[in-house]
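Only one structure is covered here, and it is reproduced in the block below.
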DNA sequence: CTCCGCTTCGCAAACGTTTACATTGCTTGT
DNA sequence: ACAAGCAATGTAAACGTTTGCGAAGCGGAG
């Protein structure tokens, strides 16, 4: 491996000059800068990241912690993150926690040594842990916000409230009056916010019942579907698409026609959603863009007033200036929702 | 941050002793070793990876390069890799190349500086590049093998030949005599091997035609489906599930019933395959285990004769000893395949 | 001509580890 | 009892880079 010394010797300058010339920013004569660049190129010099990190303290990599890579939503987030990170000349180290709090805590411990920039997607650890972590490293949250403490934590989340509202309105307009919410893990911030969303926006005549908390995988869908049938709802709103897909599968297995007997709405709009039978009506969340945006926040210079100002998203700076980005979502109506059957028990049983 | 010096001072020993005690392997008195461990624990000492890497030369992270994280197959591979890597106390840096050769080459250049262990999933760069890379770093291939050169390259691949054979036999037994193969990218080693598989095993009376090469995403499926219809095949075997899913979608859109008019078989068995309508018949590939196995190969001490010997897989060591692991695959028969319609043109048109 | 200020560059320290080699003290064989 | 060897630990160099500080060169102002 050719080192900075080799380049220095070949270019007839000192290592300091090479370092500065390559960094570009420092004051070095244009002539020498060009010469250094040429020789570095010629010798195929590539700086040793370990040495650089050792002296500067900052590494060139960001950490991405997410609960489940096999969930297409997080895969998309990861992809978005990955692209933006590479564009910035950085490298992304990824950790899958399997939706497990302890694993997550362990992983955070391992990563926070050595890495000073982290993106946490749907972290399950308590607020305190996140804030403590944010004190030591730059942290951006995805799918979660934590109350501003000494060190406010930046975040980017989908507009859960609006997403639930859109889904509910759609269902209501179709004629549904008795809807079940199949929730995600109790420790999930997203789930809590979505619950609050349907509790808050009480449409007169619309009853939304809690179907329980389920693991946000396809397996969780079977119990949720059974519960929905038992409770006699005419439509079910699922915490995410994975759960909705599981529900669809279970419903089909039990011979319950969708959307004739029960309508199903998901959340996320993963790529397969539109290829299912029936195609899943769901709230589209721009997963890749969320990932990319999180990287922007992580890389942004904390000092200057405001960034270039992404127009589309609502980037509210609270107090000390940790941006809380909220991304727009959009309901994609497909064929898993329809008017409830005219004489359906579920539709008629509800009190006016 | 507490350094090794802090620990040394607190424990009343030198930094060398601390280093040795923590490494465990060296000869240090049991008493002092315990004392060092305790104080390190108490001070919350965690070694600086940059410093360690600088002196040892070896980093604690492995690189994973894959073509598309949004393809559930690779997501699963990534998950498997991730777990095993973390279990080994390492960290995984991930790079998504978007199925693009140039991006891949760039990424490899960036990663190979700084990282000396790489896992390449379905790499698209020519053999030469891979071999050159293998000379500088430890490399394990997934879904590809390269001819043994000066530096043989380890690999782990699914049993493509057997997978295609199983799928074809299934189709043949069902009564299909005219099958189309919807291929993946021409630069894909897997595709080439699968093509060779159906060309090699010529069953009398079974005709397999090439439907062309497609991008292995769901979009690619529409053209492939159209081609299949135009060619009048009674069944189509897709390069992978993504393509098969796209084909299913296009067939449904054009009103062609599956499996009544055309049977469809995929490859990979991604999680959604069994939840599609109709549920996809496909060749199951143990993606997570492939990832995990690749890590094992990467970490394995190259010196000793043989590892503990994973029983189930055929780990053939060729010549110089770069293991070429072939993982068993298994056809999952679901409802996207059936006997061809009795009087179907496709079934009868074929010459005996 | 002298002195000052600016540009451009080199010197050398520092970052936190690992590890070859030196050192110490103790056991053991004779 | 003494040398030799071994076990346990300390000393210090080295890894490749960044960066504060000082030195040199040079032009212009007084």
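Chains as they are written, first to last, in the numbering used here: chain A, 1 to 352; chain B, 353 to 704.
C-beta: ideal position from N, C-alpha, C; glycine also.
It should be emphasised that the depicted structure is a prediction, and the values quoted were computed from it without experimental measurement.
Asked: Under 8 Å, with one C-beta from each stretch per pair, do the stretch 87-103 of chain A and the stretch 56-64 of chain A reach the 3-pair mark?; Found: yes
Asked: Spell out a yes or no on whether the stretch 568-588 of chain B and the stretch 388-399 of chain B are touching, meaning 3 or more CB-CB pairs, one atom from each, closer than 8 Å.; Found: no
Asked: Within the 7 Å Cβ cut-off, does residue 421 of chain B reach chain A?; Found: yes
Asked: With DSSP as the reference, label residue 267 of chain A as helix, strand or coil.; Found: strand
Asked: Shorter than 7 Å from the beta carbon of residue 443 of chain B to some beta carbon of chain A?; Found: yes
Asked: Beta-carbon within less than 7 Å of residue 442 of chain B's beta-carbon, same chain only, minus the 5 sequence neighbours each way: which residues are those?; Found: 412, 413, 414
Asked: Output the boundary residues of the alpha helix (DSSP H) element that contains residue 288 of chain A.; Found: 287-299
Asked: Short of 7 Å in beta carbon distance, which residues of its chain neighbour residue 636 of chain B, apart from the five on each side in sequence? Order them along the chain.; Found: 621, 681, 682, 684
Asked: Got a sec: is the Cβ-Cβ distance from residue 355 of chain B to anything in chain A below 7 Å?; Found: no
Asked: Could you tell me the distance, in whole angstroms, from the CA atom of residue 640 of chain B to the CA atom of residue 375 of chain B?; Found: 31 Å
Asked: With a threshold of 7 Å between beta carbons, is residue 142 of chain A in contact with chain B?; Found: no
Asked: Within the same chain, show all residues whose beta-carbon is closer than 8 Å to that of residue 517 of chain B, passing over the 5 residues directly before and after it, in chain order.; Found: 549, 553
Asked: Which residues bound the beta strand (DSSP E) around residue 546 of chain B?; Found: Element bounds for residue 546 of chain B: not the beta strand (DSSP E) but the alpha helix (DSSP H), 541-552.
Asked: My understanding is that residue 469 of chain B touches residue 496 of chain B, with C-beta atoms under 8 Å, so please give their C-beta distance in whole angstroms.; Found: In fact, because the Cβ distance is near 17 Å, the residues do not count as touching under 8 Å.
Asked: Over what stretch of residues does the beta strand (DSSP E) that includes residue 414 of chain B continue unbroken?; Found: 413-418
Asked: Indicate whether the contact test is met: 3 or more Cβ pairs, each with one atom in the stretch 98-117 of chain A and one in the stretch 125-137 of chain A, closer than 8 Å.; Found: yes
Asked: Reducing DSSP to helix, strand and coil, say where residue 788 of chain B ends up.; Found: Any question about residue 788 of chain B goes unanswered here, given that chain B covers just 353 to 704.
Asked: Whose CA, out of B:609, B:410, B:457, B:531, lies closest to the CA of residue 580 of chain B?; Found: B:531
Asked: Indicate whether residue 439 of chain A and residue 217 of chain A have their beta-carbon atoms separated by less than 7 Å.; Found: Outside the shown range of chain A (1 to 352) lies residue 439 of chain A, about which nothing can therefore be said.
Asked: To which residues of the same chain is residue 562 of chain B closer than 7 Å at the C-beta, ignoring the five residues directly before and after it?; Found: 533, 535
Asked: Run through chain B and tell me which residues come within less than 8 Å of residue 72 of chain A, C-beta to C-beta.; Found: 422, 424, 427
Asked: Starting from the N-terminal side, write out each stretch of the alpha helix (DSSP H) that is 4 residues or longer and does not extend beyond the stretch 97-137 of chain A.; Found: 101-112, 127-136
Asked: I'd like to know if residue 633 of chain B contacts chain A, where contact means its C-beta is closer than 7 Å to some C-beta of that chain.; Found: no
Asked: Under 7 Å Cβ-Cβ, which residues of chain B neighbour residue 61 of chain A?; Found: 445
Asked: Which residues of chain A have a Cβ atom closer than 7 Å to the Cβ of residue 621 of chain B, listed in chain order?; Found: In chain order: nothing, as chain A lies at least about 13 Å away.
Asked: If you draw a straight line from the alpha carbon of residue 506 of chain B to that of residue 369 of chain B, how long is it in whole angstroms?; Found: 38 Å
Asked: Rounded to whole angstroms, what is the Cα-Cα separation between residue 353 of chain A and residue 385 of chain B?; Found: The shown model of chain A, from 1 to 352, leaves out residue 353 of chain A, and the question about it has no answer.
Asked: To the nearest angstrom, report how far apart residue 690 of chain B and residue 526 of chain B are at their CA atoms.; Found: 6 Å
Asked: For a cutoff of 7 Å on Cβ pairs, would you count residue 418 of chain B as touching chain A?; Found: no
Asked: Could you pull the start and end residues of the beta strand (DSSP E) that residue 507 of chain B belongs to?; Found: 506-510
Asked: Would you decide whether residue 474 of chain B is buried or exposed? Buried here means 16 or more other CB atoms lie within 10 Å of its CB.; Found: buried
Asked: Along the chain, where does the beta strand (DSSP E) that runs through residue 238 of chain A open and close?; Found: 235-238
Asked: State the Cα-Cα distance for the pair residue 457 of chain B and residue 477 of chain B, rounded to the nearest angstrom.; Found: 7 Å
Asked: For residue 228 of chain A, decide whether its Cβ has a neighbour in chain B, counting only Cβ atoms nearer than 7 Å.; Found: no
Asked: In chain order, what residues of the same chain have a beta carbon less than 8 Å from the beta carbon of residue 69 of chain A, not counting five sequence neighbours either side?; Found: 75, 78, 94, 96
Asked: Taking C-beta pairs closer than 8 Å, name the residues in chain A that residue 614 of chain B reaches, listed in chain order.; Found: The contacting residues do not exist; residue 614 of chain B stays about 16 Å from chain A at best.
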